[in-house]
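A.B. asks:
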Amino acid sequence: MLCYNAYMKLYYDKRAKDPIYYVQQGFRNGKKTTTKNVARIGKHSELLKITVDPLAYAKEQIAKYNDEMKNNKVTMEVTINFDEKIKSSNDLVSSSNQLNIGYFILQKIYHDLAIGSFFKKAIADSNITYDPNLVNRFMTYARILEPDSKLRTYDHLHRYYEQPDFKYVHILRTMDILEQNYDEYISHLFKYSNRIVPRDTSVCYFDCTNYYFEIESNDEDYVDEVTGEIIKGLRKYGPSKEHKPNPLVEMGLFMDAHGIPISMCINSGSDNEQTCVIPLEQKITQMLDGKKFIYCADAGLGSFNIRKFNSMGGRAFIVTQSIKKLSNTLKEAVFNDYDYRLLSTDAPVTIEQLKSFDKTDKTNLSLYKDKAYKIIEADKAIDLGLYEELKLKNGKTKKVKSKALLKQKVIITFSRKMMEYQRYIRNKQIERAKKLLKNLDPNSFKKGPHDVTRFIKRVSSSKSGDKITDSYTINQSIIDEEEKYDGYYAIATNLEDDAKSIIEISLKKYKIEDCFRVMKTNFTARPVYHQNKERIIAHFMICYTALLIYRLLETKLDAYGTHFTIENIIETLKNMEVANVHDMYYLSTYNGSQILTALNAVFDIGLDKRYYQRKELNKKIKKISE
Numbered sequence: 007m008l009c010y011n012a013y014m015k016l017y018y019d020k021r022a023k024d025p026i027y028y029v030q031q032g033f034r035n036g037k038k039t040t041t042k043n044v045a046r047i048g049k050h051s052e053l054l055k056i057t058v059d060p061l062a063y064a065k066e067q068i069a070k071y072n073d074e075m076k077n078n079k080v081t082m083e084v085t086i087n088f089d090e091k092i093k094s095s096n097d098l099v100s101s102s103n104q105l106n107i108g109y110f111i112l113q114k115i116y117h118d119l120a121i122g123s124f125f126k127k128a129i130a131d132s133n134i135t136y137d138p139n140l141v142n143r144f145m146t147y148a149r150i151l152e153p154d155s156k157l158r159t160y161d162h163l164h165r166y167y168e169q170p171d172f173k174y175v176h177i178l179r180t181m182d183i184l185e186q187n188y189d190e191y192i193s194h195l196f197k198y199s200n201r202i203v204p205r206d207t208s209v210c211y212f213d214c215t216n217y218y219f220e221i222e223s224n225d226e227d228y229v230d231e232v233t234g235e236i237i238k239g240l241r242k243y244g245p246s247k248e249h250k251p252n253p254l255v256e257m258g259l260f261m262d263a264h265g266i267p268i269s270m271c272i273n274s275g276s277d278n279e280q281t282c283v284i285p286l287e288q289k290i291t292q293m294l295d296g297k298k299f300i301y302c303a304d305a306g307l308g309s310f311n312i313r314k315f316n317s318m319g320g321r322a323f324i325v326t327q328s329i330k331k332l333s334n335t336l337k338e339a340v341f342n343d344y345d346y347r348l349l350s351t352d353a354p355v356t357i358e359q360l361k362s363f364d365k366t367d368k369t370n371l372s373l374y375k376d377k378a379y380k381i382i383e384a385d386k387a388i389d390l391g392l393y394e395e396l397k398l399k400n401g402k403t404k405k406v407k408s409k410a411l412l413k414q415k416v417i418i419t420f421s422r423k424m425m426e427y428q429r430y431i432r433n434k435q436i437e438r439a440k441k442l443l444k445n446l447d448p449n450s451f452k453k454g455p456h457d458v459t460r461f462i463k464r465v466s467s468s469k470s471g472d473k474i475t476d477s478y479t480i481n482q483s484i485i486d487e488e489e490k491y492d493g494y495y496a497i498a499t500n501l502e503d504d505a506k507s508i509i510e511i512s513l514k515k516y517k518i519e520d521c522f523r524v525m526k527t528n529f530t531a532r533p534v535y536h537q538n539k540e541r542i543i544a545h546f547m548i549c550y551t552a553l554l555i556y557r558l559l560e561t562k563l564d565a566y567g568t569h570f571t572i573e574n575i576i577e578t579l580k581n582m583e584v585a586n587v588h589d590m591y592y593l594s595t596y597n598g599s600q601i602l603t604a605l606n607a608v609f610d611i612g613l614d615k616r617y618y619q620r621k622e623l624n625k626k627i628k629k630i631s632e
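Here my numbering is used: position 199 in the sequence shown is 205, and no number is missing along the way.
Listed below in structure tokens is the structure:
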């Protein structure tokens, strides 16, 4: 049996001319003592720069260490019996005594969003006896740190320091509360997020994605027994972003200029994604108290109706414009090599010049990174390949090709760098198509519009009186047609701003794609282990809350002057665990890092200590939640 008593002392080589002073930690067990150097105070010569008596200074530092240990609480007397056995248990699986405290950082943001007050208001007139905010808290933390099914998340609640106590059924009931208060919850999050990070809603980016479900059939539509309204099933077949032949749900997401979510919606997988834009945008307009903003989206979410809507109320739009869908007249204007200017200097340039210069010449490096642009006015009745929906007398809708009677312009850009990248990708696809030709089965061949088979064409041939035979070859005309558009990009807008600023706004659309990537990859938004429509929606509300909290955390770190990947941030938070040592104190099992330093500096919670007392950690949680 060993009994250790910890203390600090000064160590240095008294024989050295320029000794180095160390903080030495000693562990006394009866008459035996074990020591190790735990900190460097400095060289004698170094300390002379800050004090006339380095030895006295070093002794003062040791005294401070010992006072800190005494007043903190870290004077340790640990009894260890190396023959002691682990106590037997009827538990099926052995558990660890390591507890996560990294979620304290998330708790700080969660609390500042005042989500607890939202739930308090939501259940004010109910007889609910459990704490739905506690449930939502840990469902949100788990979605960031350990994304899994609700049941497995419930089974792993013991991994958190607070050891939250609620039942699995409370998770389902909390999800019901969330869905029942959908609009209020989303608005609440936006309102209070402004108090954490000032929101820049001058530009609102929008995009859609979908999530597939591993089921074999659509959700059935049904009639509401009270209203008689036909309620559409949520999980429906539709065009999949991941090309999965499964029923889908569709998520629409608005984010601000800094990539922080503003609002979301969940719709049926069979719905046209364009139809969800205006209703959600109307809600956002109310959230912003009528504040003007620029709507920015890809071409698929820039229909005539959407552009028209964003030409009213002081709003504006910047949407990607398909060059292929332009009228022949406008295409001719795109490919006519005149009126192009360099984006950086506004100097005249031709597309031919950009295509032909020697990029190996270092003097052309800036030109290689530059773009050419041209503005085409399109405020007349010009065919932009847009459609509008008309309501028929029978209540149905019909798509009608529209003449763009809107005040707008089309900005055409060309990039040599982008042209080469697109051709590189296509050449890889062509090589794959050529390999397919060697073992192509004519009976099973199907041509795809987006995969490599688009480069393969069928050729039928026969001699007089002979059976017709099919052969396949690379379709050069398709390749030539695609190459025409390489390097070109188009934006439609009703703004009068200069082309450069409009292009810069448009290019930031990638941030919303990154939001979807985070939810799908890092937070594992699917698979969704729910069948009930309301709980499916609630599941995505939890994912949305997790995304918002993470983006706010990331923004605060960026403002501090640091930037880290989501993978590294989450890994750090997951690794921030403490081990319970004989119920006497908690020992940090994580090491220092750049991210840990930044987190402690930004959030000032003090999670950079080696040892903690229970009361100290409890105080931190209490302080965070005040």
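A virtual CB, placed ideally from N, CA and C, is assigned to each residue, including glycine.
Using the beta-carbon count (16 or more within 10 Å), is leucine 336 buried or exposed?
C.D. replies: The residue in question, leucine 336, is buried, as its Cβ has 16 or more Cβ neighbours within 10 Å.
A.B. asks: Exposed or buried, what is threonine 207 when buried is set at 16 or more other beta-carbons lying within 10 Å of its beta-carbon?
C.D. replies: It is buried - the Cβ of threonine 207 has at least 16 other Cβ atoms within 10 Å.
A.B. asks: For lysine 127, does the count of other Cβ atoms within 10 angstroms reach 16, so buried, or fall short, so exposed?
C.D. replies: So lysine 127 counts as exposed.
A.B. asks: Near tyrosine 147, what residues of its chain come up, given a Cβ to Cβ distance below 6 Å and the 5 sequence neighbours on each side ignored?
C.D. replies: Tyr109 and Leu112, listed in sequence order.
A.B. asks: Counting C-beta neighbours from all protein chains within 10 Å, is the total for serine 512 16 or more, i.e. buried, or is it exposed?
C.D. replies: By the neighbour-count rule (16 or more Cβ atoms within 10 Å), serine 512 is buried.
A.B. asks: In terms of residues, what are the limits of the alpha helix (DSSP H) holding threonine 499?
C.D. replies: No alpha helix (DSSP H) contains threonine 499, which is instead part of the beta strand (DSSP E) from 494–499.
A.B. asks: Take glutamate 220 and list the residues in its own chain whose beta-carbon comes closer than 8 Å to its own, dropping the five residues that flank it on each side.
C.D. replies: Result list for glutamate 220: Asn252 and Pro533, in chain order.
A.B. asks: Have a look at the DSSP bridge pairing and note the partners of cysteine 210.
C.D. replies: DSSP lists Tyr301 as partners of cysteine 210.
A.B. asks: Give the DSSP bridge partners of tyrosine 174, in chain order.
C.D. replies: For tyrosine 174, which the question treats as bridged, DSSP gives no partner whatsoever.
A.B. asks: Helix, strand or coil, according to DSSP, for leucine 446 in the structure here?
C.D. replies: It is coil, neither helix nor strand.
A.B. asks: Kindly identify the DSSP beta-bridge partner or partners of glycine 108.
C.D. replies: None; glycine 108 has no bridge partner.
A.B. asks: Under 8 Å by Cβ, that's how I've got asparagine 106 and glutamate 583 pegged, so tell me the actual separation to the nearest angstrom.
C.D. replies: Yes, asparagine 106 and glutamate 583 are in contact; Cβ-Cβ is about 5 Å, under 8 Å.
A.B. asks: Starting from cysteine 521, follow the beta strand (DSSP E) in both directions and report where the run begins and ends.
C.D. replies: Looking at the DSSP string, cysteine 521 is not in any beta strand (DSSP E); the run it does join, the alpha helix (DSSP H), is 516–523.
A.B. asks: Histidine 545: buried (16+ other C-beta within 10 angstroms of its C-beta) or exposed?
C.D. replies: Classification for histidine 545: buried.
A.B. asks: Who are the Cβ neighbours of histidine 50 in its own chain at under 6 Å, not counting the five residues just before and after it?
C.D. replies: Around histidine 50: Asp24, Pro25 and Pro60.
A.B. asks: Rounded to the nearest angstrom, what separates glycine 48 and tyrosine 27 at their Cα positions?
C.D. replies: If you take the alpha carbons of glycine 48 and tyrosine 27, they lie about 6 Å apart.
A.B. asks: Between which two residues does the alpha helix (DSSP H) carrying glutamate 190 extend?
C.D. replies: Element bounds for glutamate 190: 188–199.
A.B. asks: Helix, strand or coil for methionine 261 per DSSP?
C.D. replies: Strand at methionine 261.
A.B. asks: Just the C-alpha distance for aspartate 161 and threonine 233, rounded to the nearest angstrom, thanks.
C.D. replies: Roughly 40 Å separates the two Cα atoms.
A.B. asks: Assuming valine 283 is part of the alpha helix (DSSP H), what are its boundary residues?
C.D. replies: Its alpha helix (DSSP H) spans residues 283–293.
A.B. asks: Three or more C-beta pairs closer than 8 Å, one from the region 370–378 and one from the region 350–359: is that the case here?
C.D. replies: Yes, the region 370–378 touches the region 350–359.
A.B. asks: When the distance is taken between beta carbons, is tyrosine 494 closer than 8 Å to isoleucine 266?
C.D. replies: For isoleucine 266 and tyrosine 494, no; Cβs fall outside 8 Å.
A.B. asks: So if DSSP puts serine 269 in a beta bridge, which residue, or which two residues, is it bridged to?
C.D. replies: Serine 269 is bridged to Phe260.
A.B. asks: Classify methionine 14 as buried or exposed, calling it buried when 16 or more other Cβ atoms lie within 10 Å of its own Cβ.
C.D. replies: Methionine 14 should be labelled buried.
A.B. asks: DSSP three-state label for valine 458, please.
C.D. replies: Note: valine 458 maps to helix in three-state DSSP.
A.B. asks: Quick one: Cα of valine 29 to Cα of leucine 54, how far?
C.D. replies: Near 18 Å, if we compare the C-alpha coordinates of leucine 54 and valine 29.
A.B. asks: Locate the alpha helix (DSSP H) running through lysine 337, then write down its first and last residues.
C.D. replies: Unbroken alpha helix (DSSP H) run through lysine 337: 334–341.
A.B. asks: Could you tell me the boundaries of the alpha helix (DSSP H) in which asparagine 574 lies?
C.D. replies: 572–581 is the span of the alpha helix (DSSP H), which, as asked, contains asparagine 574.
A.B. asks: By the DSSP assignment, the beta strand (DSSP E) with lysine 415 in it spans what residues?
C.D. replies: That run of the beta strand (DSSP E) goes 415–420.
A.B. asks: State the Cα-Cα distance for the pair alanine 69 and glycine 567, rounded to the nearest angstrom.
C.D. replies: For alanine 69 and glycine 567, the distance between alpha carbons rounds to 35 Å.
A.B. asks: Taking the alpha-carbon of asparagine 538 as reference, which of Ile121, Asn581 and Glu185 has the nearest alpha-carbon?
C.D. replies: The shortest C-alpha separation from asparagine 538 is found at Glu185.
A.B. asks: Can you check whether the CB of cysteine 214 is closer than 8 Å to the CB of isoleucine 290?
C.D. replies: Not in contact: isoleucine 290 and cysteine 214 (Cβ atoms no closer than 8 Å).
A.B. asks: Straight-line CA distance for alanine 552 to isoleucine 150?
C.D. replies: Near 6 Å, if we compare the C-alpha coordinates of isoleucine 150 and alanine 552.
A.B. asks: For histidine 117, I'd like the list of residues in its chain whose CB is within less than 7 Å of its CB, leaving aside the five on either flank, ordered along the chain.
C.D. replies: Excluding sequence neighbours, histidine 117 sits near Ile630 and Ser631.
A.B. asks: I'd like to know if the region 197–207 and the region 557–566 are in contact, where contact means that at least 3 CB-CB pairs between them fall below 8 Å.
C.D. replies: Yes: at least three Cβ pairs fall under 8 Å.
A.B. asks: Is glutamate 185 helix, strand or coil by DSSP?
C.D. replies: DSSP places glutamate 185 in helix when its eight states are reduced to three.
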